[in-house]
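Residue numbering for the sequence shown is 101 to 180, as defined by the numbering used here.
Each residue gets a CB set at the ideal place from its N, CA and C atoms; glycine is no exception.
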Amino acid sequence: MQAQLSRSIPSWVPQTIEQAVGRSRIRNSQIIESPRSARWDVIVELQDGTEVLAWVDTDHQTPQGVETVMRQALYDAGIV
């Protein structure tokens with residue numbers, strides 16, 4: 101996966117997203133820290149062109165939390 105990260109985003113975050121979504125399904129991703137809050141905005145583009153958006157609040161900024169948020173975003177988008 102080719103991930104674009106804000107400087108303050110830990111390096112484990114893209115790996116966790118790959119685990120949640122599936123590495124072969126991801127074309128591109130962006131992970132940006134919101135300037136007004138500590139929230140992370142995650143945009144994942146799948147191989148078929150579908151974009152999945154997720155917002156990771158501070159209370160979910162752990163490997164398990166990021167995975168849970170991404171799986172919920174996929175579910176909400178009707179992908180899983």
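Val-152 is not a Cβ neighbour of Val-166, given a cutoff of 7 Å. Within the stretch 104 to 156, the complete alpha helix (DSSP H) segments at least 4 residues long are 112 to 121, listed from N- to C-terminus. The Cβ-Cβ distance between Ile-126 and Val-142 does not fall below 7 Å.
The beta carbon of Glu-133 sits closer than 7 Å to the beta carbons of Ser-106, Ser-108, Ile-109 and Trp-140 from its chain, once the five residues preceding and following it are set aside; these are given in chain order.
One alpha carbon belongs to Val-121, the other to Arg-136, and they sit about 27 Å apart.
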